[in-house]
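Numbering (the UniProt record's numbering), first residue to last: 1 to 288. Even for Gly, the Cβ is constructed at its ideal location relative to N, Cα and C.
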């Protein structure tokens, strides 16, 4: 049903499709209480300086942005790449080129922005034949569509396949990686994220070590005129061989990227569900 809706919206003119996506996001904000609650808890942790009303408005805009992101995922999977190439502007491209010039591949550090899938075809004018490390979907049917859709602009790779990632880096390819989710305490350290401890994967620091590859932060932002800005920023010195220091650096880079357009981030995930004291009640106690 979701895939069918995405297909239909892809056929519509861009402005109409994104408007419907935004209204769909607003509808979900008002009806899916559980995800709204998680979002408001996250915003309360990360933006304590905002009033309740300001966080409510930011949460609503977040759902609207992610509704548009659903439509943009359809654009990424099914629209011709010429459509995205005509709508992209790159900032900091010299950092990406300098990293590629080293000849050791590049880790493209990313985060879960609402237009994440669309960033795949958006980057094609600048990067060809990239690979993306991701966690396969639990639903086999959804995984089929996700895999096939992403194959149109990159090579999807199970995030556990580190040796294949190493092979890609040795071929001087770009490997995408978005570690900004809570996968539990195992394989993680607790590093500050917006000033609050968050379980952060130590594997992020292992990736550059596979081939002594540089890391570049890669962000995608939706503009009001239905164009998109890609931003590239160097992440260095990294890694330092100190897990906590490395995780702290990664989180700070991602945080800076999010702060530019916080409404375009996927705040629906329980980023702080695992806590160092073993208590996982940040979300259970909330009533929004």
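Is the beta carbon of residue 37 closer than 8 Å to that of residue 47?
Sequence index remark: in the chain shown, residue 47 carries index 47 (1-based). Sequence index remark: in the chain shown, residue 37 carries index 37 (1-based). No; because the gap between Cβ atoms is not below 8 Å, this pair is not in contact.
Roughly how many angstroms lie between the CA atoms of residue 119 and residue 60, to the nearest whole one?
Residue mapping note: residue 119 aligns to position 119 of the chain shown, counting from 1. Residue mapping note: residue 60 aligns to position 60 of the chain shown, counting from 1. Each residue's alpha carbon lies about 23 Å from the other.
Nearest candidate by alpha-carbon position, reference residue 109, set 284, 218, 225, 252
As a first step, residue 109 must be located in the chain shown, where it is residue number 109. It is 218.
For residue 283, three-class secondary structure by DSSP:
Locating residue 283 in the chain shown gives position 283, where the first residue counts as 1. Residue state, collapsed to three classes: coil.
Just the Cα atoms here: how many angstroms apart are residue 141 and residue 1?
Stepping through the chain shown from its first residue, residue 141 is reached at position 141. Stepping through the chain shown from its first residue, residue 1 is reached at position 1. When rounded, the distance between both Cα atoms is 11 Å.
Report the residue from 200, 58, 124 whose alpha carbon sits nearest the alpha carbon of residue 173.
Against the chain shown, residue 173 aligns to sequence position 173. Among 200, 58, 124, the Cα nearest to that of residue 173 is on 124.
Is it true that the segment 201-210 meets the segment 254-262, where meeting means three or more beta-carbon pairs spaced less than 8 Å apart?
no
Could you check if residue 235 is buried or exposed, using at least 16 other CB atoms within 10 Å of its CB as the buried criterion?
Residue 235 sits at position 235 when you count from the first residue of the chain shown. Buried, by the Cβ-count rule.
Rounded to whole angstroms, what is the Cα-Cα separation between residue 129 and residue 176?
Taking the chain shown and counting its residues from 1, one reaches residue 129 at position 129. Taking the chain shown and counting its residues from 1, one reaches residue 176 at position 176. Straight-line Cα distance between these residues: approximately 11 Å.
If I'm right that residue 33 touches residue 282 with Cβ under 8 Å, what's the distance once you round it to whole angstroms?
For the purposes of this step, residue 33 is identified with residue 33 of the chain shown, where counting begins at 1. For the purposes of this step, residue 282 is identified with residue 282 of the chain shown, where counting begins at 1. So it is not a contact: roughly 17 Å between Cβ atoms.
Beta-carbon within less than 6 Å of residue 81's beta-carbon, same chain only, minus the 5 sequence neighbours each way: which residues are those?
Looking up residue 81 in the chain shown gives position 81. Closer than 6 Å at the Cβ level, and outside the excluded window around residue 81, lie 121, 124.
If you count every other CB in all the chains shown that lies within 10 Å of the CB of residue 216, and 16 or more means buried, which is it?
Residue mapping note: residue 216 aligns to position 216 of the chain shown, counting from 1. In this structure residue 216 is buried. Its beta-carbon is surrounded by 16 or more other beta-carbon atoms within 10 angstroms.
Segment contact flag, the segment 65-84 with the segment 181-188, C-beta cutoff 8 Å, min 3 pairs
no
Can you check whether the CB of residue 27 is closer than 8 Å to the CB of residue 43?
Residue mapping note: residue 43 aligns to position 43 of the chain shown, counting from 1. Residue mapping note: residue 27 aligns to position 27 of the chain shown, counting from 1. No, the pair does not count as a contact, with Cβ atoms beyond the cut-off.
Rounded to whole angstroms, what's the CA-CA distance from residue 195 to residue 24? Just pull it up for me.
For the purposes of this step, residue 195 is taken as the residue at position 195 of the chain shown. For the purposes of this step, residue 24 is taken as the residue at position 24 of the chain shown. Roughly 32 Å separates the two Cα atoms.
Hey, could you find the ends of the alpha helix (DSSP H) residue 174 is sitting in?
Taking the chain shown and counting its residues from 1, one reaches residue 174 at position 174. Segment 174-177 is the beta strand (DSSP E) holding residue 174; no alpha helix (DSSP H) there.
Quick check: the Cα distance between residue 289 and residue 156, rounded to an integer number of angstroms?
This structure leaves residue 289 out entirely; the chain is present only between 1 and 288.
Per DSSP, what kind of secondary structure is residue 208 in: helix, strand or coil?
In the chain shown, residue 208 corresponds to position 208, counting from 1. Assigned with DSSP and collapsed to three states, residue 208 falls in helix.
Are the CB atoms of residue 30 and residue 266 within a distance shorter than 8 Å?
Locating residue 266 in the chain shown gives position 266, where the first residue counts as 1. Locating residue 30 in the chain shown gives position 30, where the first residue counts as 1. Cβ distance not < 8 Å, so residue 266 and residue 30 don't count as in contact.
Could you tell me which residues DSSP pairs with residue 188 in its beta bridges?
As a working note, residue 188 is residue 188 in the chain shown. According to the DSSP secondary-structure assignment, residue 188 is paired through a beta bridge with 201.
In angstroms with no decimal places, state the Cα-to-Cα distance between residue 274 and residue 183.
Stepping through the chain shown from its first residue, residue 274 is reached at position 274. Stepping through the chain shown from its first residue, residue 183 is reached at position 183. Going from the Cα of residue 274 to the Cα of residue 183 covers about 8 Å.
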